[in-house]
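Protein chains in written order, with the numbering used here: chain A, 208 to 453; chain B, 61 to 280; chain C, 26 to 313. Yeah, the Cβ is synthetic: ideal placement off N, Cα and C, and Gly gets one too.
Here is the structure:
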C-alpha cells in the first residue's frame, strides 16, 4: 500500500546497527536533509533515551524544526537514517506515527470546526477515546469555548488546542517546536505538564525553544548550527532549575 | 481504514456545509457557465437540446476542479494535511475519505445543474430517470477519485495553480466522453448498459489506482 | 552506546567519488549502464544516423509512389515510425515509473523521464505529420478519429508528467509524482481509446487510414520496416543521451549537497561525546 509498503525497497539495504529498540526512544544516524539545494540538516547524529528530555538550541534556520519534522516523519531524510523506538523513520512510518506527536508552528486546526470537534476528529483518526475530549479541554483551559469555531481563536488559544491534541493522543515521543510561542505564563506550565506526562509513560521529549523552559529542566541540550549538531558546555541551564523535572 | 475514511469524509462535508463554498462559489460559477454556453450557442432549441449533455458534463468537470481545489485548500490552511499524514491512518484512507466527500458534494451540485438545464434547455428528464441517475453517480465517483488523487499535487505546489486542471482534465477525458454519450442516449430513452459498464470499470480502476498510489503523492 | 562510539562517522552516501549501488546491480541495470556509457551512446548515434539515411534514400527514391495517393503517401515512412516510437515511449514511461515506485532505484526514474521527453517529441511529430498527410487525403487537418484523439491525450499526459517533476523541493518526491502521473496515464489511455471507438461507432464508421493492410506492396512494407528500425534506433539514442545528462544533473546536485560538509567546520560530533557531556540522566521515576 501507499505509505509504508510503498517504501519497501529501502528495507533491503537499511539495517540499524546503531539503533537499539530497548535503549533508544529516538536516534538519528548521519541524517542529511536538503530542501531544493539548501541543506537544512547535515549528517546529524542524535540519540534520545526513554525518560530523557532533550532541548534543541540554535539560531533561526539552524535546522531545529527540520530535525523535529524528520523525527515525526513529516519530512524524509535525504541521506542517513533514524528510528523511533526501533521503528525506521522511512520504512515503518506508520509505527513511528503511532508513537510520536509533533506540535509545530502550524496548529493543524480546521477553522470551521469547533474546538471540541477538532479534537474529536483527531481522536477518531488516532483511535483514541473521544470521551476524553471534555476533560482535556478543561485541562488546557478551553472548556468554555469548546463549541466555538476555532477560526476566531487567538494564537495562544490555538497553541493550547494543539497541546490538547497531545493529551488526547498520549504519544511516547513528544516533539515540541517553540512551544512557548504565543503562550501566556499560565499556559507555559502546560508545556511542563505535557512533558511530565510523556516521561511518566516511559516516553521521551525533544523540544526546540529559544525561551527558557518553565518549571523544569532538560536533561541535555543539543545545539544546532547550520544544520549540524555541536556540543556546548551547559552549566547554566541545569543550575537555573535545580529541581529538575518535578 | 474504513473508520478513518468515514471520519474524514464526515469532517469534509461538515466543513463544506459550514463554509458554504460550494453554495456560494461553485454553484453560481457552474450556473453562470451554463447560461454563458447557452447564450454562446444561440436560441436554437433543437441544437441546444442536442448539445446539452456535453455542456452539462463540461460544467461538472470544471466544478469538480474547483471543488477539489477547495477541499485541499482547507487542508493546507493550517497544515492540517500534515496532521492527517502524521496520523497512523493508511494514506489510502485519506484518499478514499476525500473522494467520498467530493462525490457527495458533486452529486448535490449535479442535481441542481440537471434541474437548471432541464428548465433552460428543455430536456426530457422523465425519459429515463434511473439511467440518468446511474450515469451521474458513476461519472461522479470516477471524477471525485481523480480529483482526490491529484488534489494533493495542487495543495503541495500552491504556486502553480494550473497544474491541477492539467492533471485532472486529461485523466477525466474518458469519463467526459462516456458520460456525455450515456446522457444523450438516456435522454433519448435508449439503452445505456454498455456505457454504464464502461463508466463502472473506469471507477474501479481509478479507485484502485488512487488507493495504491496516493501514498507516493502525499508522503514527502 | 558502545555500538555507536565504535562506529566511524559514515561518509555521506551521495559522495560523488563512489557511485552508489555499483556492486549488486541486476543484469538489466548493467545492460542499461552499458548502453548509456559514452561509447554506447556514440555507437547508437552512428547506427541511428546510418539507418535514417538509408531509410530516407529507400523511401524517397527506391520505393515507387502509391498508385492512389501519389508522393504524399511517402509520409507514411515517417508518420508510422513516429507513432510507433511515441507509443513505445509511453509503454517505457509506464514500466519504468512502476519499477521506480516499486524499487526506488533512480536509474528507473532516469529512464522514465528520458522516455517521457522523447515521447513528447515523437508524439508531437506523429500528430504534425498525420495532419500534413490528412489534409490532402481526408481534406482536413484533423479528424476525431480514435487513434488521433488518443495520441493527443497521450501528449497531454506527457505534459502533465513533465510539469509535476519540478514542483516539490524534494527531487525524489518530484520523481514519485511524475511516476504516478505516468502510471495513471497508462491506465487512462486505453480507456480513452475505447471510449472514442464506441463514440464514433454510434455515428459513422471510423475513417482510419490503415497503412499496414496486407494490400500493401512488399517493397513498401520493407521500406516501412526499415524506417521503423531507424526511428527506434534514433529513439534509443535520444533516450540514452538524455539519461546520461540526467545522471550528470543528479551528480551535480549531490556535489552541491556535499559542498557545505567539506567547507564547513568539523561536521559531526560523535554521539558518544553528546552522551558524555550530558549529566547523568534522571530515571523516569524521578520525573513528574
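Please list, in chain order, all residues of the same chain as residue 77(C) whose beta carbon is under 7 Å from its beta carbon, the five residues on each side excluded. Taking the third chain and counting its residues from 1, one reaches residue 77(C) at position 52. Result list for residue 77(C): 255 and 259, in chain order.
Is it the case that the Cβ atoms of residue 270(A) and residue 248(A) are separated by a distance below 8 Å? The count along the first chain starts at 1 and reaches residue 270(A) at position 63. The count along the first chain starts at 1 and reaches residue 248(A) at position 41. A contact, by the Cβ cut-off of 8 Å.
Less than 8 Å between the beta carbons of residue 273(B) and residue 208(C), yes or no? The count along the second chain starts at 1 and reaches residue 273(B) at position 213. The count along the third chain starts at 1 and reaches residue 208(C) at position 183. It is a contact, given that the beta carbons lie within the stated cut-off.
For a test of the three-state rule: what should DSSP assign to residue 184(B), helix, strand or coil? Taking the first residue of the second chain as position 1, residue 184(B) is located at position 124. Coil at residue 184(B), not helix or strand.
Over the uninterrupted beta strand (DSSP E) stretch that includes residue 236(A), give me the two end residues. As a working mapping, residue 236(A) is identified with position 29 in the first chain. Its beta strand (DSSP E) spans residues 233 to 242.
Would the segment 107 to 121 of chain C count as touching the segment 142 to 159 of chain C if we require 3 or more Cβ pairs under 8 Å? yes
Going by CA-CA distance only, name the one from 171(C), 262(C), 177(C) and 130(C) that's closest to residue 69(C). Here residue 69(C) refers to the residue found at position 44 when the third chain is read from its first residue. Comparing Cα positions, the closest option is 262(C).
Mind checking the segment 193 to 221 of chain C against chain A and listing, in chain order, the residues whose C-beta falls within less than 9 Å of any C-beta there? 194, 195, 196, 197, 198 and 201
Pick out whichever of 171(C), 126(C), 162(C) and 131(C) has its Cα sitting closest to the Cα of residue 54(C). Numbered from 1 along the third chain, position 29 holds the residue referred to as residue 54(C). Checking every option, the nearest Cα to that of residue 54(C) belongs to 131(C).
Do residue 121(C) and residue 140(C) count as a contact pair if the criterion is CB distance below 8 Å? Position 115 of the third chain, counting from 1, holds the residue named residue 140(C). Position 96 of the third chain, counting from 1, holds the residue named residue 121(C). In this structure, residue 121(C) lies closer than 8 Å to residue 140(C) by Cβ.
How about residue 190(A): is its C-beta nearer than 8 Å to some C-beta of chain C? The shown model of chain A, from 208 to 453, leaves out residue 190(A), and the question about it has no answer.
Using a 10 Å radius around the Cβ and a threshold of 16 neighbouring Cβ atoms, would you call residue 89(C) buried or exposed? For the purposes of this step, residue 89(C) is taken as the residue at position 64 of the third chain. So residue 89(C) counts as exposed.
What is the residue span of the alpha helix (DSSP H) that residue 94(C) lies within? Taking the first residue of the third chain as position 1, residue 94(C) is located at position 69. For residue 94(C), there is no enclosing alpha helix (DSSP H), as DSSP marks it with neither H nor E.
Residue nearest to residue 268(B) in terms of C-alpha spacing, selected from 216(B), 233(B) and 153(B): Here residue 268(B) refers to the residue found at position 208 of the second chain. For residue 268(B), the nearest C-alpha among the options comes from 153(B).
Examine chain C for any beta-carbon lying closer than 8 Å to the beta-carbon of residue 213(B), and answer yes or no. On the second chain, position 153 is the one that residue 213(B) refers to. Residue 213(B) counts as touching chain C.
Output, in chain order, the set of chain A residues within a Cβ distance shorter than 8 Å of residue 65(B). Indexing the second chain from 1 puts residue 65(B) at position 5. Those within 8 Å of residue 65(B) in chain A number zero; the least Cβ separation is about 10 Å.
Identify each residue in the segment 233 to 245 of chain B for which the Cβ-Cβ distance to at least one residue of chain C is less than 7 Å, and report them in chain order. 233, 234, 237, 238 and 241
Nearest-angstrom Cα distance between residue 362(A) and residue 399(A)? Taking the first residue of the first chain as position 1, residue 362(A) is located at position 155. Taking the first residue of the first chain as position 1, residue 399(A) is located at position 192. Cα-Cα distance, rounded: 19 Å.
Cβ of residue 280(A) within 8 Å of any chain B Cβ: If you number the first chain from 1, residue 280(A) lands on position 73. At least one CB atom of chain B sits nearer than 8 Å to the CB of residue 280(A).
Nearest-angstrom Cα distance between residue 265(B) and residue 230(B)? On the second chain, residue 265(B) is found 205 positions in, with the first residue counted as 1. On the second chain, residue 230(B) is found 170 positions in, with the first residue counted as 1. For residue 265(B) and residue 230(B), the distance between alpha carbons rounds to 15 Å.
Taking the alpha-carbon positions, what's the residue 309(A) to residue 188(C) distance? Position 102 of the first chain, counted from the first residue, corresponds to residue 309(A). Position 163 of the third chain, counted from the first residue, corresponds to residue 188(C). The straight-line gap from Cα to Cα measures roughly 32 Å.
CB contact below 8 Å: residue 276(B) versus chain C: The sequence position of residue 276(B) within the second chain is 216, counting from 1. So yes, residue 276(B) belongs to the interface.
Run through the DSSP bridge pairs and tell me what residue 264(A) is partnered with. Translated into positions along the first chain, residue 264(A) becomes position 57. Looking at the DSSP output, residue 264(A) shares a beta bridge with 430(A).
How many whole angstroms separate the CB atoms of residue 162(B) and residue 204(B), which I take to be in contact at a CB cut-off of 8 Å? Your numbering for residue 162(B) matches position 102 in the second chain. Your numbering for residue 204(B) matches position 144 in the second chain. Indeed they touch by this definition, with Cβ atoms about 4 Å apart.
Against residue 56(C), what residues of chain B qualify as contacts under a CB-to-CB distance less than 8 Å, listed in chain order? The count along the third chain starts at 1 and reaches residue 56(C) at position 31. In chain order: nothing, as chain B lies at least about 27 Å away.
Could you name the residues of chain E that residue 278(C) contacts, counting a contact when the two beta carbons are closer than 7 Å? Of the protein chains in this structure, namely A, B and C, none is chain E.
Report the neighbours of residue 319(A) on chain B: residues whose CB is nearer than 7 Å to its CB, in chain order. Along the first chain, one-based indexing puts residue 319(A) at 112. Within chain B, the residues near residue 319(A) are 75, 78 and 79.
Using the beta-carbon count (16 or more within 10 Å), is residue 257(A) buried or exposed? Working through the first chain from its first residue, we reach residue 257(A) at position 50. Result: buried.
Should residue 280(A) and residue 300(A) be called a contact, given that it needs their Cβ atoms to be closer than 8 Å? Indexing the first chain from 1 puts residue 280(A) at position 73. Indexing the first chain from 1 puts residue 300(A) at position 93. The answer is yes: Cβ separation under 8 Å.
If distances are taken between C-alpha atoms only, which option among 325(A), 311(A) and 427(A) comes closest to residue 385(A)? Numbered from its first residue, the first chain carries residue 385(A) at position 178. Considering only alpha carbons, the answer is 311(A).
For residue 410(A), three-class secondary structure by DSSP: For the purposes of this step, residue 410(A) is identified with residue 203 of the first chain, where counting begins at 1. Note: residue 410(A) maps to coil in three-state DSSP.
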